[in-house]
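Peer 1: With numbering that gives the first Met the number 0 applied, the sequence shown corresponds to residues 0 to 73, in that order.
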Amino acid sequence: MSSPRPVRSTRRGYTPAMVTVQDYRRVMDAYGIDRAVLQPSVYGFDNSALLSALAAMPGTLRIVDEAYRRPRPA
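#1: Go ahead and label A48 buried or exposed: buried means 16 or more other beta carbons lie within 10 angstroms of its beta carbon, across all protein chains shown.
#2: With distances taken from CA atoms, which of V41, Y23, Y42, S40 is nearest D33?
#3: Between which two residues does the beta strand (DSSP E) carrying V20 extend?
#4: Can you tell me whether DSSP reads V63 as helix, strand or coil?
#5: Check the C-beta distance from R11 over to V36 and give it rounded, since I have them as a contact under 8 Å.
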């Protein structure tokens, strides 16, 4: 992921370990996982980490982003 890291939401229910895209890929490779779904809810509406991971692993990841469920202003 690029720096600076996104700010974790103060309303999060847990605090995950900070890992890089390379760390994530290593775990996927170790377990023979070809595709994954990401839902980093701890960042609230800051989806920069999500977009960075998607760009680094094209065709491998899918996302769940709460922001897309909300109505967009006209």
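Beta carbons: idealized from backbone N, C-alpha and C, even for Gly.
Peer 2: The relevant details are as follows:
#1: buried
#2: Y23
#3: Premise fails: V20 lies in the alpha helix (DSSP H), 20 to 29, not in any beta strand (DSSP E).
#4: coil
#5: Not a contact, Cβ separation roughly 19 Å.
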